[in-house]
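First comes the structure, then the notes that go with it.
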Amino acid sequence: MRMSQMFAPTLREVPSEADIPSHQLMLRAGMVRKTVSGVYSYLHLGCRVVRKVEKIVREEMDRQGAQEVLMPAIQSADIWRETGRWDDYGSEMFRLKDRNGREMCLGPTHEEIITVTVRDEIRSYRQLPKILYQIQTKYRDEIRPRFGVMRSREFIMKDAYSFDRDNEGLDRSYEKMYEAYCRVFSRCGVDYRVVEADAGAIGGSQNHEFMVVSEVGEDALVFCDACGYAANVERAESAKPAERVADTEKVRTGIRKISTPGMRTIEEVTGYLKVEPRVLLKTLVYVADGTPVAAIVRGDRDLNEAKLKRVLGCRELELATPEVIERVSGAPVGFTGPVGLRERIKIVADWEATVVEDAVVGANAVDAHLVGAEYGVDYTADIVADIRNVVAGDACPRCGAELCGARGVEVGHLFKLGTKYSSALGAKYLDEGGVEHPIIMGCYGIGITRTVASVIEEHHDDDGIIWPMSVAPYQAVVMPLNTSESAQVEAAERIYSELCKHGVEAVMDDRDERPGVKFKDADLIGFPIRVIVGPKHLGDGEVEVSMRRDGTVELVKIENVAVRVKEIVDRELAALMPE
RNA sequence: CGAGGUGUAGCGCAGUUUGGUAGCGCGCUUGGUUCGGGACCAAGAGGCCCCGGGUUCAAAUCCCGGCACCUCGACCA
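Position in the first sequence counted from 1, then plus 42, gives you our numbering.
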């Protein structure tokens, strides 16, 4: 490819809409252009990188015996109604109608359609197991698209689905995908971690997320360096607090009501009473499937709605409106507490909250709190469970060591679905004894375009992108510094054609531009290897082979360049290959 | 959906307060000089000032109503 012909409009200035490095660089390097909010066109370079990542994913899926298919992006509402997700998915689904008024959607995911496809064809245990995958454009009408292709409304995803006759088979399929994912992300050159995650709306039991560690990540993670425990904070368990030792010597001050005029927030109350937030108990009123419940966590903690939802086993969970709070507590927002609620509602307490001595709680009365509240004496809970968010610094739930935190970008997710979809859609098989069973499923996603952004996020500097060899749009660029010097042009042309012959993916920067422009563009686009043909060494029959990553330069005889560059390419690719 | 912000040349922005010929830098075109880190000189092209109404002799500017985009929050395989 010749730079003079390439459709890669680079930008000198940073477009104002981008505020993370990967987004800025993808725009500046001419990889993508936005069409509408959250929807991007991939220009030549962006498309090359996407194809590289897809190729790696295909190789690793195929290596595990998965088979590629391609399902439609447009799906009928009918199958989504069968699993109940036509309603559950809500406004995040792009919905449309055909000319006959039939309801359709642009697929946000493909569990329904793959399950229906398999259900219609698979009858016998002899046809199992199967792992099918596709690389497809997905559509999700995100509330707030952001960070360029990191969170977009149209994006490319690899999704795989496994079909097994039993849980042992599912475990094997899951293992295969787990290994494939490790290999995929290693080959892409990203620093990834595998964490335990929340299953969310997709359902299912065990699941893992593959996260690329990054400060721009939208998920908070915790890790234990001592035992290897790693989890998304949505999911991370808190360590069970030490049992409270009954201190018989201690004289209880007893519970008493105090005036706290206008003090509603944790900061106001703790500031007014000169106490630590940790002795204050926050009582939050939620509405779970239409029924109000109270949830209690320590004042310095955040409630984890996913955990609360799981504990309650409810479908819908949202914070109660001020009217509901007033009705159940008898006081305005800010003074709710577990002692003396007006209405008898279910109380869920975080297990850590129940060991707080002499707690401060809302008095369920205007401008008043209670101090000296004791669990088991003054109030009790219907459920005591882990319902708070874990934070860095907490004790590891497995080994007790201190957890550390990081942020991550979710690039892959593995789910054990079980029979959720096969049961709903009637995907069954007959075993040896002629007995019918639902097929056991798993599903496995990789955000292709998000992975591209993550690679850039991890591999860039002030000048531009520093591609790992495996996903670089081109492996090398040949730069004659002055195109009016025929000797430079001739040498560069010879090198370029030899590189192509040796199978190196090369670009010839044949533009009549000043050297500075070529250097800047090469840095920005991030070709891993630059072959610089300039006046300094051409007289000796040599050119510079320079690495984008560290700027190292080696002088190479013109006739040896292709072989040398090919060596470097192969070496770098091998270094990224697992085993 | 809540709060805030921004829409002016391909990109980045000024001009809006106080209504009166639409500007700057980069990029683009042509010619010339230059050629190891985004050159210089000269001459050019390029605008529905987001859209629709209104006020006014006159609107990028004031008023009303939309739309789009961005940020924060709520939300979320």
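The beta carbon of each residue, even a glycine, is placed where N, CA and C say it ideally should be.
Grab the span of the beta strand (DSSP E) containing residue i for me, first residue to last.
i	result
S166	From DSSP, S166 is part of no beta strand (DSSP E); its letter is neither H nor E.
D392	K388 to D392
K282	From DSSP, K282 is part of no beta strand (DSSP E); its letter is neither H nor E.
G447	C446 to G460
H479	E478 to P480
T125	First-last for T125: A119 to T125, but that is the alpha helix (DSSP H), not the beta strand (DSSP E).
A579	In the sequence as displayed, the identity of residue 579 is His instead of Ala. Not the beta strand (DSSP E): H579 falls in the alpha helix (DSSP H), residues P577 to L580.
E238	Y234 to E238
L472	K470 to L472
V264	D261 to F265
A348	Segment E347 to L354 is the alpha helix (DSSP H) holding A348; no beta strand (DSSP E) there.
F136	F136 to K139
Could you tell me which of the options sits nearest to residue i, measuring between CA atoms?
i	options	result
F189	E59, S133 and T157	E59
I97	H479, I490, V587 and V81	Correcting the residue type first, residue 97 is Lys in the shown sequence and not Ile. When each option's Cα is compared against that of K97, the closest is I490.
L263	Q117, V236 and E285	V236
N142	A71, S118, R127 and V158	S118
M48	A617, D563, V585 and S588	D563
P480	E474, L467, I488 and R492	L467
R306	H411, R449 and I185	H411
V494	V513, F205 and G484	V513
K76	R195, Y131, T302 and D104	R195
V226	V585, V99, G80 and R572	V99
H86	V549, E318, E385 and T422	V549
G270	E309, D424 and G442	G442
E368	L383, E260 and E360	L383
E309	S301, P303 and E318	E318
K543	A529, A604, V585 and R613	A604
Taking 7 Å as the threshold (C-beta atoms), are residue j and residue i in contact?
i	j	result
A108	A202	yes
P439	E276	no
W122	E145	no
A337	I387	no
G72	P57	no
S228	P620	yes
H455	E251	yes
S166	Y486	no
Y505	D565	Position check: residue 505 holds Asp in this sequence, whereas Tyr was assumed. Yes, the pair counts as a contact, with Cβ atoms nearer than the cut-off.
V595	S588	yes
K299	A405	yes
Y175	M103	yes
M483	F265	no
Under the three-state reduction of DSSP, which class applies to residue i: helix, strand or coil?
i	result
Y486	strand
N249	strand
M589	strand
R93	helix
Y82	strand
S204	strand
K316	coil
S526	coil
R553	coil
V403	strand
P334	strand
V398	coil
M146	strand
Y463	helix
T295	coil
E154	helix
I429	coil
Just to confirm my understanding: we take residue i, look at its own chain, exclude 5 residues before and 5 after, and list those with CB closer than 7 Å. What are they?
i	result
D344	R430 and N431
A362	V327, Y328, V329 and P334
D436	S280, A281 and L445
Skipping 5 residues on each side, what residues in its chain have a beta carbon closer than 6 Å to that of residue i?
i	result
E238	A273 and R277
D392	V339, I429 and R430
D551	M45, V519, M521 and K560
L523	P557 and G576
K324	V339 and G341
P364	V375
Just checking residue i against the ligand FAD - is the residue's beta carbon closer than 6 Å to any of the ligand's heavy atoms?
i	result
V403	Ligands displayed in this structure: none; no statement on the ligand FAD is therefore possible.
Counting along the chain, where does the alpha helix (DSSP H) carrying residue i start and finish?
i	result
L618	V603 to L618
I567	P557 to I567
V226	N209 to R229
P63	P63 to R70
P364	P364 to S371
So, at 8 Å on beta carbons, what are the nonlocal neighbours of residue i in its own chain, with the 5 sequence-adjacent residues on each side left out?
i	result
E221	Q106
V398	R320, V321, L323, R340 and Y417
G332	E358
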